[in-house]
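In short: position in the sequence shown from 1, add 18, done, that's the numbering used here. Working notes for the structure below.
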Amino acid sequence: MKLWQYLFLGCFLMSIAACDSKRVYEQNVDIPDYIWDKENPIYFDAPITDTLSLHNVYINIRNASGYGFSNIYLFLDTKYPDNRISRDTIECILADPSGKWLGDGSGDIWDNQILFKKNVRFRQIGTYKFRFEQAMRMPKLPMIMDVGLRIEKQ
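Quick look at the structure:
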């Protein structure tokens with residue numbers, strides 16, 4: 019490689035990294051066959067090293083336009099580094115009252131990033147374990163494509 023190619027590649031990689039400099043953790047998990055079984059929770063292990071900064075926590079939901087509801091209820095269990103556990107019941111709104119899908123759409127696929135907690139200060143350094151369980155009345159919820167967790171600095 020020539021020097022100018024290395025410089026170009028370096029600038030390109032730095033610009034990509036700078037685009038999402040707030041991200042502390044983000045992972046999405048594909049739902050097999052786009053059917054989220056109540057018996058198959060989704061797990062995330064987020065290593066946290068900054069106890070001083072404020073963070074925002076988001077839930078990522080990708081659904082197909084054939085999803086039969088305007089929302090989804092979730093149970094979210096958080097296990098802290100000291101082994102304490104908390105549980106939240108969350109309603110994620112995916113469509114407005116007229117039925118128009120929210121979020122970013124591409125064809126019949128819709129991506130939502132839903133703010134779960136704002137201005138969170140993580141009190142402990144360590145791995146926070148998150149467990150997502152769909153809490154709808156259907157044991158097998160169709161047309162949910164993937165679920166994710168994003169933590170970013172405020």
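Heads up, the beta-carbon is just placed ideally off N, CA and C, and yes, glycines get one too. It should be emphasised that the depicted structure is a prediction, and the values quoted were computed from it without experimental measurement.
Return helix, strand or coil for residue i, following the three-state DSSP convention.
i, result
"D51", "helix"
"S39", "coil"
"T96", "strand"
"M163", "strand"
"I169", "strand"
"L118", "Strictly speaking, residue 118 in this sequence is Lys, with Leu absent from that position. K118: coil per DSSP, three-state reduction."
"F87", "coil"
"R155", "coil"
"E57", "coil"
"R102", "coil"
So which of the options has the shortest CA-CA distance to residue i?
i, options, result
"D95", "N89, D51, S104, F87", "S104"
"D121", "K147, V138, S83, R149", "As written in the sequence, residue 121 is Gly, which differs from the Asp given in the question. For the residues K147, V138, S83, R149, the minimum Cα distance to G121 belongs to S83."
"P50", "K171, Q172, L167, M163", "M163"
"I132", "Y61, G86, V165", "V165"
"I77", "F62, T69, G125", "F62"
"R149", "V42, Y52, A64", "A64"
"E151", "G144, G125, D106", "D106"
"E44", "I143, P59, N58, I66", "I66"
Would you mind giving the Cβ-Cβ distance between residue i and residue j, rounded to the nearest angstrom? I have them listed as a contact below 8 Å.
i, j, result
"V47", "F134", "Actually they do not touch by this definition, with Cβ atoms about 16 Å apart."
"I90", "C110", "5 Å"
Using the Cα positions of residue i and residue j, report the straight-line distance between them to the nearest angstrom.
i, j, result
"I169", "S116", "31 Å"
"R141", "R102", "12 Å"
"K56", "M156", "8 Å"
"M154", "L92", "7 Å"
"L72", "R139", "5 Å"
"L167", "P99", "18 Å"
"D129", "K158", "20 Å"
"D38", "Q172", "12 Å"
"D97", "W54", "According to the sequence displayed, residue 97 carries Lys and not Asp. Cα to Cα, K97 sits roughly 22 Å from W54."
"G86", "L70", "42 Å"
"P160", "Y52", "6 Å"
"I143", "G125", "41 Å"
State buried or exposed for residue i, treating a residue as buried only when at least 16 other CB atoms are found within 10 Å of its CB.
i, result
"R80", "buried"
"L3", "As shown, the chain starts at 19 and ends at 172. That puts residue 3 outside it, with no answer to give."
"I60", "buried"
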